[in-house]
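Worksheet: one structure, shown below.
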Amino acid sequence: MCMSVLDDGLLRLTIMEELDNLLSPDMVTRNAAEENMRQLEYIESYGIILTEITLNQFIELPLRQMAGIMLTRYAERYWDERNVPDDPCGAIGGGSVISIPAKCTIRETLPVGLQDTNSIIRSSVANTICTIADTDYPSDWADLSSVIVECLNGDGNSIHGIMQVLINFQYDRIQIKALHALIISNAFRIFDLEDSYSIEARSLAVVVLKSLFLAGSTLEQTERANMVYLVLDTYLDKMIYYLSLNHNPNSSFLLPIEIVQLLTFLVTDMTKYLENYMDHLLPAMCQLFTNFVDIYTKVVVNEADPNLARGENDFLKLILQFLQFIQRTISCGMFRPFVKMTLNYLVYPTILYLQLPQQNLEQWSIDPEKYIEDEEGVDVTIRVMGQDILLVSVTYMCRKNSELLHCFPKALTDSLGAELLPPFEEAINRLMMMAESEKHTGNANWWKIQEACFVAVHTLHDLLFNYEEQFDLMNYLMRTRSYLNHRAYPYMAGRALWTLGTWVSSKYINNEMLNEILNKVQETLETKNNFVFKINAVRTIYSIIEAHDVLNDEKRELVQSKFPRLMDGIIVLILDCASLALCLLLDCLIGIMQTSPSVAAAAKNKIVSVALEVFTKYAENPFILDSTRDLIRAICLNKPCLRLMRKKFVPCVVTILTLADDCPSNIIRKNCAVDVLTTIAQNSDGLLTGDLVTKAFPAMIDCVLHSRDNDTIVAGEKCLRAYLSICPKQVCAYNNDEGLKSIVQFIIMILGLTISKQTTIKFGPTAIAIMKNIGQMLDDYICTLLKVIVQEMELVRDPKILAEIVIVFVYLFLTQTRDSFNFLGPLSSPISGPSLMYVLGTWISVQKFFDGVYERKLNTMTLCKILEYGIAENDFRLLSVKIADGDIDRRCPMTTHMANYFYWNDIHCVFIPILAKIFKLLIRELCYIKESRLDLACDKDSDASTNSSGDSSSDNSFTKNANDKQYLDGKGCNTISDAQLTQQLLMDPLLQSNLEENIMNILKRLSVSEYYTSFANYLTDLEKDILKALSMP
1 MCMSVLDDGL LRLTIMEELD NLLSPDMVTR NAAEENMRQL EYIESYGIIL
51 TEITLNQFIE LPLRQMAGIM LTRYAERYWD ERNVPDDPCG AIGGGSVISI
101 PAKCTIRETL PVGLQDTNSI IRSSVANTIC TIADTDYPSD WADLSSVIVE
151 CLNGDGNSIH GIMQVLINFQ YDRIQIKALH ALIISNAFRI FDLEDSYSIE
201 ARSLAVVVLK SLFLAGSTLE QTERANMVYL VLDTYLDKMI YYLSLNHNPN
251 SSFLLPIEIV QLLTFLVTDM TKYLENYMDH LLPAMCQLFT NFVDIYTKVV
301 VNEADPNLAR GENDFLKLIL QFLQFIQRTI SCGMFRPFVK MTLNYLVYPT
351 ILYLQLPQQN LEQWSIDPEK YIEDEEGVDV TIRVMGQDIL LVSVTYMCRK
401 NSELLHCFPK ALTDSLGAEL LPPFEEAINR LMMMAESEKH TGNANWWKIQ
451 EACFVAVHTL HDLLFNYEEQ FDLMNYLMRT RSYLNHRAYP YMAGRALWTL
501 GTWVSSKYIN NEMLNEILNK VQETLETKNN FVFKINAVRT IYSIIEAHDV
551 LNDEKRELVQ SKFPRLMDGI IVLILDCASL ALCLLLDCLI GIMQTSPSVA
601 AAAKNKIVSV ALEVFTKYAE NPFILDSTRD LIRAICLNKP CLRLMRKKFV
651 PCVVTILTLA DDCPSNIIRK NCAVDVLTTI AQNSDGLLTG DLVTKAFPAM
701 IDCVLHSRDN DTIVAGEKCL RAYLSICPKQ VCAYNNDEGL KSIVQFIIMI
751 LGLTISKQTT IKFGPTAIAI MKNIGQMLDD YICTLLKVIV QEMELVRDPK
801 ILAEIVIVFV YLFLTQTRDS FNFLGPLSSP ISGPSLMYVL GTWISVQKFF
851 DGVYERKLNT MTLCKILEYG IAENDFRLLS VKIADGDIDR RCPMTTHMAN
901 YFYWNDIHCV FIPILAKIFK LLIRELCYIK ESRLDLACDK DSDASTNSSG
951 DSSSDNSFTK NANDKQYLDG KGCNTISDAQ LTQQLLMDPL LQSNLEENIM
1001 NILKRLSVSE YYTSFANYLT DLEKDILKAL SMP
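Take a look at the structure:
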């Protein structure tokens, strides 16, 4: 029921005041206004007044815009009575918020706003109409069809307004059937009448088609096909016609952009409908693709006429859209025959689109290092898209066979080479000749064509390497060689050098040519040259290093002889640059160190010094840190360098670890320092002595214990494990067992952070890994530590966190069963009672939350161990423990008292002996393991992924998790660190036995024991069926 307690005049004034308050910069004022507006929503004429304010052109525009926003929100909340939210104040009395008369008034009045002169108001009104029509059209608002037709026949404002409705409308099946023919016919009329309508209106007539295509998914297949074919038959020829009109750089490219976007959508998402049109569409698009390259070269690449560049941004968007269309078309296997016919027309313009734009050259002259960022970054540019098209041209024919893709380039078929190589070679030869011709005519930009050819050949290097003879590689390399000395064109000369470097393993690169390449690289690094030229020289070195292992002995010896001077040149360059260029240089330096350890040993002073300088200078840069860490690892693996590196690095690391956490940069630097220390420890080959133990370790553990930054704590955990894996005795005995005390404090800290969900560290595996490394050294502290763990467990209610914590006891039950029982047996707590019963009960209750690979395997092995121990030892402490079970067969024998208790208290579980519960769990786990093994076998046969689901009941038994296959194959960790720790823990000899065989043997032994009959009473029909399937009684 609506309220009507204020007259409309007063209500209008109140709403206007609150709308003004909503625009206030003061948050308190805005919050109060929002609350007041929520109260006013229940007044009958609220929506009508908001509509009037929105449409009143004499009111200030900000108030109208806010009224439009509030009106849309009002309609979204209350127009559809089925979705009306709860009314905490009882204001609506259980009835509709918006009365029928109010709805009629709003529907009649609101469409006027579609013709408003302000585009924001039109869009706001359109959003509200979409919300209303979603519920009311066509049943309660049949007049909307007339509104649509009227607006589509109106001026530019009304067309824009109604198009916003049609584009954003969420059509259902009835609505799309009622509207699609009307929209298509009227939209095409607007699209086709170029003299009557603006570019913007005609563009919207194209955009609206995508909404229709998406809405067509609600139709039956035949109906949808008819609608799509109607659009294609009506629009396609005209689209191609308007794309092919003569365009100059100052043309409006809005309409062509929308046309190509729509065609790209059709190629990608509606492939089957477009197949019959591709023989006409693709050649036309390729021709346009070729035509536009002339404008691109003139305006963007060469900037031959700056006066023509006013529409350059839109033109670049159009070219990018064209490239995406070509790429998606090539990628679609259904269009393969059409692509084969147009390869001759695609390759040539694609290479021309690889030319360097003049604007980029100007930016690189100011900031040379931006060259690397632009060339190897993630931004989508025309140059990058062009290279993608060449790559897709190679791979699309192998798309249906995933093995071919993984083996590329070896799996390239002869037909692929025969189809792609001729047009590619023809285009390269044609363009290289064109470049020479332009050079002789005095065109200063001739070299850009040549550089684009180098990029294209580099992109298809793997393909051409397999077809050296067909491509006439010898001739190409000789021509490339002739451009090495063009110092006036460093971008081209540098690319030529890099291109040659990628072919050093080819039979056409003899020792003489290889020596010339290496000398040119050396000369480039040692003399004053353009920075980009130097970077391409470094790229050349990296390519040679990658091919080092496949070079013949003579070539390898020649390369090795040049490494010392090349390394010196790289080190000098490292000290003068940053960003991605620095990463490239560091990677190249690492490659030389790994390829020639003796060269690295001879230059150890320079290498260690540059590594330290890069670390201290760029410790806050995560990208550079990755390369720095790799360099430190390479230095550690080189024995002559290791001692010097530790001598120089440890004091620096200790200094950083003692910084205060008073600014974010210090926290980042400390995190990086811990990370570097971990790298040094992991690669020190058991030689953690001196300052690494007496200074670095105390500084690290103190830093981590006093930190609340998750990244630092995670890094500290990894560093601690690295130390303990190499020299646990030294670490624990440090400063009269101070090291051991710090380790216990760290475990307790991680426990607290795990409970409060303030860390991503997995407490259980981490604590187990530390305990495994420390071993008997923890004996004096183990009791204290385990008591703290039990006390903390009592305060936790989240079963996932309990599972992370209790896994520590699961490990102890497996490795030290009797000692664990002896420790827990005497303990008791006023909160949880006897600790042994509490820990065992908690462990069993969280079975389905052991979702990690290691945790599940450890848990299953421990279930087996406890069942065997209980039967063999007849331990009363274990036999007396009762566990809640929720899947009891009520037909099983029970006392009269128990039966009455169940009946009168509606109890859904019963407490059964823990060994019986473990017996039930192992039966189900055995079933799950067998199912998972079969799933894996099926996956390998069918190449399909099948995720089994287990018992969905709410009992405390195992459930079949989505990682069953990971459980068997040892995969499925969240991070690299998790994966490393998991693999390390899975190497435990106790976990090497076959789970399936182990469980089967235990169940067989149990089936002939005195316990079997009593346990069988607690089995469900499902569990009995599993035993029968296993040929057990």
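Take the sequence shown: its position 948, counted from the start at 1, is 948 in this note's numbering, and no numbers get skipped. Beta carbons are placed, not taken as given, at the ideal position from N, Cα and C, and that holds for glycine.
Query	Result
Three CB pairs or more closer than 8 Å across the segment 1001-1019 and the segment 797-812	no
Top-ranked residue by Cα proximity to Thr381, from Asp172, Phe315, Gln470	Phe315
Beta-carbon proximity of Leu751 to Ile774, cut-off 9 Å	no
Cα-Cα separation between Cys104 and Leu288, rounded to whole angstroms	51 Å
Start-end ranges of the alpha helix (DSSP H) lying completely within the segment 440-465, minimum 4 residues	446-459
Helix, strand or coil at Ile43 [DSSP, three-state]	strand
8 Å CB neighbourhood of Leu573 in its chain, flanking five on each side removed	Leu525, Lys534, Val538, Leu585
Euclidean distance between Cα positions of Arg328 and Ala225	21 Å
Cβ-based neighbour list, Gln730, same chain, cut-off 7 Å, excluding 5 preceding and 5 following	Leu688, Val693
Residue-level contact to chain C via CB, Met341, 9 Å cutoff	Note that chain C does not occur in the displayed structure, where there is just one protein chain.
Length-filtered (4 minimum) alpha helix (DSSP H) runs lying within the segment 811-866	817-824, 835-845
CB-CB length for Pro204 against Met163, believed under 8 Å	Looking at the sequence shown, residue 204 is not Pro but Leu. Sure, about 4 Å apart at Cβ, within 8 Å.
Outcome for Asn519 when other beta-carbon atoms lying within 10 angstroms are tallied against a minimum of 16	exposed
For Gly9, three-class secondary structure by DSSP	helix
Meets three-Cβ-pair contact criterion under 8 Å: the segment 231-239 and the segment 291-299	no
6 Å CB neighbourhood of Asn401 in its chain, flanking five on each side removed	Residue placement at Asn401 is flagged as unreliable, the pLDDT there being 37, under the threshold of 50; a coordinate-derived value is accordingly withheld.
Pairwise C-alpha distance: Ile743 and Ala733	11 Å
DSSP-derived helix/strand/coil call for Phe325	helix
Range of the contiguous beta strand (DSSP E) that encloses Ala696	Where Ala696 is concerned, there is no enclosing beta strand (DSSP E), given that its DSSP letter is neither H nor E.
Three-state class that DSSP yields for Ala660 in the structure shown	coil
Cβ neighbour criterion (16 or more within 10 Å) applied to Glu512	exposed
Run of the alpha helix (DSSP H) containing Ile259, from where it starts to where it stops	254-269
Same chain only: Cβ atoms within 6 Å of Asp889, ignoring 5 sequence neighbours per side	In this predicted model, Asp889 has a pLDDT of only 49, less than 50, meaning its place in the structure is not dependable; the value taken from the coordinates is given anyway. Counting only Cβ-Cβ distances below 6 Å, and skipping sequence neighbours, we find Thr1020.
Sub-9 Å separation of Ile351 and Ala435 beta-carbons	no
In DSSP terms, what Ala884 is bridged to	Phe911
Minimum C-alpha distance to Gln847 - residue among Leu657, Pro830, Asp885, Gly833	Asp885
The alpha helix (DSSP H) enclosing Glu738, as first and last residue numbers	728-755
As assigned by DSSP and simplified to three states, the class of Ile59	coil
Candidates Thr862, Ile49, Ile914, Leu863: closest to Tyr838 by CA position	Ile914
Stretch pair the segment 124-136 + the segment 66-77: three plus CB contacts closer than 8 Å	yes
Which of helix, strand or coil DSSP assigns to Leu354	coil
Nearest-angstrom Cα separation, counted from Leu50 out to Gln39	14 Å
First through last residue of the alpha helix (DSSP H) which encompasses Ser146	144-152
For Ile120 and Gln65, the rounded distance between their alpha carbons	7 Å
Of the listed residues Leu922, Ser835, Asn822, Gly841, nearest to Leu867 (C-alpha basis)	Leu922
Span separating the alpha-carbon of Ile517 from that of Phe465	19 Å
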